[in-house]
Every structure is written in structure tokens, then in C-alpha cells.
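See below for the structure under consideration.
There are 2 protein chains.
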Amino acid sequence: MGRRERKKAQTRRALSDAALRLFCEHGYDGVTVAQIADEADVSIATLFAHVPDGKEALIFDDGTERRVWLATAVRDRPPGQSVLEALHQCMAARGPFTNDLPPELRRKRDLIVSTPALREYSRKLWIASEGALAEAIAAESDRAPSDMTVRALARYVLEIPELAGTEPDPLAALNAIFDLLESGWRESPKEA
Amino acid sequence: MGRRERKKAQTRRALSDAALRLFCEHGYDGVTVAQIADEADVSIATLFAHVPDGKEALIFDDGTERRVWLATAVRDRPPGQSVLEALHQCMAARGPFTNDLPPELRRKRDLIVSTPALREYSRKLWIASEGALAEAIAAESDRAPSDMTVRALARYVLEIPELAGTEPDPLAALNAIFDLLESGWRESPKEA
DNA sequence: CTCAGAAACTATAACCATTATAGATTCGGA
DNA sequence: TCCGAATCTATAATGGTTATAGTTTCTGAG
Numbered sequence: 000m001g002r003r004e005r006k007k008a009q010t011r012r013a014l015s016d017a018a019l020r021l022f023c024e025h026g027y028d029g030v031t032v033a034q035i036a037d038e039a040d041v042s043i044a045t046l047f048a049h050v051p052d053g054k055e056a057l058i059f060d061d062g063t064e065r066r067v068w069l070a071t072a073v074r075d076r077p078p079g080q081s082v083l084e085a086l087h088q089c090m091a092a093r094g095p096f097t098n099d100l101p102p103e104l105r106r107k108r109d110l111i112v113s114t115p116a117l118r119e120y121s122r123k124l125w126i127a128s129e130g131a132l133a134e135a136i137a138a139e140s141d142r143a144p145s146d147m148t149v150r151a152l153a154r155y156v157l158e159i160p161e162l163a164g165t166e167p168d169p170l171a172a173l174n175a176i177f178d179l180l181e182s183g184w185r186e187s188p189k190e191a
Numbered sequence: 000m001g002r003r004e005r006k007k008a009q010t011r012r013a014l015s016d017a018a019l020r021l022f023c024e025h026g027y028d029g030v031t032v033a034q035i036a037d038e039a040d041v042s043i044a045t046l047f048a049h050v051p052d053g054k055e056a057l058i059f060d061d062g063t064e065r066r067v068w069l070a071t072a073v074r075d076r077p078p079g080q081s082v083l084e085a086l087h088q089c090m091a092a093r094g095p096f097t098n099d100l101p102p103e104l105r106r107k108r109d110l111i112v113s114t115p116a117l118r119e120y121s122r123k124l125w126i127a128s129e130g131a132l133a134e135a136i137a138a139e140s141d142r143a144p145s146d147m148t149v150r151a152l153a154r155y156v157l158e159i160p161e162l163a164g165t166e167p168d169p170l171a172a173l174n175a176i177f178d179l180l181e182s183g184w185r186e187s188p189k190e191a
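As C-alpha cells, this is what we get:
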């Protein structure tokens with residue numbers, strides 16, 4: 000990697016770090032992009048050159064990670080394990096569902112979960128992997144990636160973090176949702 | 000209804016109409032709120048007084064309609080019909096899933112479907128009914144409205160318009176998704 | 001090595017949505 | 001009739017985002 004790319008990555012990092020620090024200290028709405036640019040010692044134009052999606056994207060990567068992570072979790076799952084089980088398992092290790100994280104990441108997660116704008120952007124990143132996940136699921140289940148059932152399943156799995164992330168017991172919520180996806184909605188009709 | 004409320008409703012209507020007309024003519028991004036305010040002959044401040052959620056909300060109602068509509072569809076469904084069947088049926092009559100609409104509404108629907116910002120806001124309106132729908136479902140199925148399974152089902156049903164609205168055959172997509180929710184994900188494992 | 005061009009960065013100025021302020025007008029009810 | 005509240009207005013400020021045009025820094029070809 001040449002010096003150019005190294006410096007670019009450095010700048011991006013400085014922006015992430017500055018943004019996260021300031022957000023944690025003053026709250027998302029209490030910080031302006033100008034302050035973040037100052038703190039990272041770049042111009043505002045440079046900030047937006049690095050983060051085309053805007054302020055919310057500052058503390059996130061571009062979503063590539065999630066995509067490959069999901070695809071490999073499905074493809075390389077242990078033999079005998081179903082696709083949904085594999086997704087269940089790897090989701091459980093993720094962000095909102097475990098406390099087995101370095102305190103720095105935990106602070107970041109708490110910031111995201113407690114800030115609507117950041118939660119929403121996080122969801123957008125998850126949804127952006129829908130195509131990749133649909134392909135992975137399709138490959139394992141003899142269906143077309145464009146099959147609506149496949150796309151819907153992918154979408155519903157990717158909505159789980161936003162859906163369960165704010166529950167009192169996120170992990171229990173996660174389990175309940177995967178159970179629903181696995182078995183569908185079984186009605187227990189009301190007494191007449 | 001006094002003159003005051005009547006005038007207020009009139010102004011709100013003028014804003015909706017102006018916004019829809021201009022959006023259709025120049026595209027969502029090709030119109031500024033200033034132009035809309037001008038066209039409706041009110042000040043910008045008045046525009047925002049009527050539409051606190053901002054530009055995207057101009058052509059939508061406040062979501063109350065959907066809420067009551069969903070709740071009654073579930074509660075007053077024909078005897079013998081399941082909750083999901085009732086929701087399936089009433090969704091099918093809605094926006095993106097039928098062409099049985101006056102041309103004016105069809106143009107509005109096409110505008111929304113083809114404009115990301117408006118699609119997103121439409122989804123927000125649907126999701127805002129999650130609590131109401133969850134209560135309705137809970138009441139019919141002997142579960143608590145806070146039961147994660149109930150909440151997830153409500154959420155997943157309300158995501159359908161965004162999920163299926165852009166498909167080539169939205170109605171077929173709708174049917175497939177309800178089938179998934181009804182029966183869950185049945186894997187047809189790949190040959191070894 | 002060198003130099004031409006690409007990439008990253010900068011300052012500056014614009015644009016637009018949104019909110020705040022303060023004051024004017026209109027309406028409803030007592 | 002008259003007070004208070006709701007609506008509307010003009011105006012200005014804030015803050016995110018983009019456009020422009022020019023400067024510096026790196027890379028790779030010759």
C-alpha cells in the first residue's frame with residue numbers, strides 16, 4: 000500500500016475517531032461537522048469527500064465487512080446446520096446482542112442504539128447487504144436469488160438488529176424472532 | 000367545525016396539492032420548500048408549522064388513518080379468517096398492490112415508489128403503526144402486545160409495502176411474503 | 001531522475017432545509 | 001365587546017451538503 004492510500008486511511012481514521020469522541024461527549028446533535036473537521040484537522044470539504052453519505056456515516060465503515068461476514072457465515076456453516084441456524088448464531092455474536100466487547104466498542108454501540116439517526120443509518124447498512132445475503136441463501140436452498148421468499152427472508156433477518164436491539168433482553172428477542180422466521184406464525188385463536 | 004379549523008385544513012390542503020403538483024412536474028429534488036410555500040401562497044414558516052416532519056411529509060397524512068384501518072381490519076375480520084389472512088387481504092387492496100385507483104392517486108403512488116426519500120418516509124409512517132397493530136394482534140391471539148413474536152410479526156407485515164412495492168409483480172410478491180410469514184422458512188437442502 | 005497527471009486537500013461561497021424570534025392578524029369564547 | 005390563543009408573517013440564524021477553482025502531494029511512465 001503506497002503512502003497515498005496510507006495517508007487517506009489515516010485521515011479517515013482521524014475523522015472516525017474525532018466523530019466518535021465528540022459524539023460520546025456532547026451527543027450526536029450537540030456536535031457539528033465543522034467541529035469534527037476541526038478536531039481531525041481537515042477542511043469540511045475533505046470530510047465530505049471521505050464520507051459521502053454524510054454526518055451519520057462518520058463512525059461506520061462502508062458495509063463491505065458485514066456483507067462478506069454474512070455470506071461466509073452462511074456458506075461455511077458447520078455441516079448439518081441450517082441456514083437460519085447459522086445466521087442466528089452469527090447475529091448473536093454481533094453488536095447489540097452480546098456484552099463480550101472491549102469497552103470502547105461498547106460505548107460506540109450504546110451511542111448508536113441511543114441515537115435515532117445513527118440507528119437508522121445502521122439499519123441502512125444492514126439492508127444494503129440484502130442482495131449479498133439473498134444470493135448466499137439462494138445458493139444453499141435451490142432457489143433463485145430473486146425469489147421473493149428468499150429476498151424477504153434476507154430482509155427480515157437484516158431487520159433484526161433494529162427490531163431487537165432496543166429490547167430489555169436483546170438476546171431473548173433475537174431468539175424469539177428466529178423462532179418466528181423458522182416456524183412461521185402459529186395462531187392460538189381466542190376463545191369464542 | 001369553526002372557521003379557524005376550516006382555514007387550517009384549507010392551508011394544509013393547499014400545501015399538499017402544491018407539493019404533489021410540483022413534485023410530479025419537476026421531481027422531488029427539483030422542487031424547494033420555498034417554491035411549494037409560494038405556490039400555496041403561505042410563508043415558509045407556515046409550511047413548517049403545518050408539516051413538522053419536513054419536506055417529505057408534505058404529501059402524506061399523519062398516519063392516523065393507517066392505524067385505525069389496520070386495527071379494524073384485524074378486529075372486525077370475517078369469522079373463521081385468521082389474523083394474517085385479514086392483513087393479507089387488506090394490504091392487497093392498498094397502494095402499491097392494486098391498480099384499481101383513480102389516476103390522480105396512481106400518479107401519487109408512482110411518485111412515491113420512484114422517489115427514495117418518499118419511499119422511506121412512507122415506510123416510517125407504516126412502522127409508526129407497529130404498536131397499534133401489535134395490540135390488535137395480541138388481542139386476537141392470547142399473547143401480550145409486548146411479546147417479541149407479536150411485535151416482530153407486526154413489524155414484518157408493515158415492512159411489506161417497501162419490500163414488495165418495487166417488484167415487477169407486487170401482488171405476487173405480497174402473496175409470497177404472507178406465505179413465508181404464515182409457514183416460516185422451510186429449507187430444501189442442497190444436494191450433497 | 002523527472003515530469004505529467006491523478007488524487008487528495010483547501011478556502012470560499014453558495015444552496016437548501018429547518019428552527020428561532022418577534023410581531024401582526026384573526027378567530028373563538030366569555 | 002374584549003381577552004387570549006391560534007395562525008400567519010417577515011426575517012435572520014443555524015447547520016448539513018455541494019460546487020468551484022486552485023494548491024499541494026504522490027505515483028508511475030519514460
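Chains as they are written, first to last, in numbering that gives the first Met the number 0: chain L, 0 to 191; chain C, 0 to 191.
Don't be surprised by glycine CBs; every beta carbon is placed ideally from N, CA and C.
The structure displayed is predicted, hence computed values, not measured ones.
Query, Result
"Leu100 (chain L) - DSSP class collapsed to helix/strand/coil", "coil"
"Nearest-angstrom Cβ-Cβ length linking Leu86 (chain L) and Val156 (chain L), presumed shorter than 8 Å", "5 Å"
"Exposure label - Leu179 (chain C); buried when at least 16 CB within 10 Å", "buried"
"Test item: CB-CB of Ala151 (chain L) and Ile136 (chain C) under 8 Å", "no"
"Min CB distance Ile176 (chain L) to chain C below 8 Å", "yes"
"CB contact flag (Leu132 (chain L), Ala70 (chain L), <8 Å)", "yes"
"Boundaries of the alpha helix (DSSP H) in which Glu161 (chain C) is found, first to last residue", "Met147 to Ala163"
"Reduced DSSP category for Phe59 (chain C) - H, G, I as helix; E, B as strand; rest coil", "coil"
"Supposed close pair Glu38 (chain L), Leu21 (chain L) - CB separation, criterion 8 Å", "6 Å"
"Neighbouring residues, chain C, relative to Arg154 (chain L) (Cβ below 8 Å)", "Glu158 and Leu162"
"Simplified DSSP state of Ser42 (chain L), which is helix, strand or coil", "coil"
"For Leu170 (chain L), the nearest candidate out of L:Glu181, L:Ala143, L:Met90 and L:Ala138 (CA to CA)", "L:Met90"
"Amino acids of chain L, ordered along the chain, whose beta-carbon sits closer than 7 Å to that of Gly183 (chain C)", "Leu180, Glu181, Ser182 and Gly183"
"Proximity to Arg65 (chain L) [Cα-Cα], best of L:Pro144, L:Ile43, L:Glu129 and L:Gly29", "L:Glu129"
"For Thr71 (chain L), three-class secondary structure by DSSP", "helix"
"Partner residues on chain L for Ala192 (chain C), Cβ-Cβ distance less than 9 Å", "No answer is possible for residue 192 (chain C): it lies beyond the span of chain C, which begins at 0 and ends at 191."
"Nearest candidate by alpha-carbon position, reference Ala127 (chain C), set C:Lys107, C:Ser140, C:Met147 and C:Ala153", "C:Ala153"
"Positions along the stretch 12 to 43 of chain C whose CB lies within less than 8 Å of some CB in chain L", "none"
"Nearest-angstrom Cα separation, counted from Asp16 (chain C) out to Gly94 (chain L)", "44 Å"
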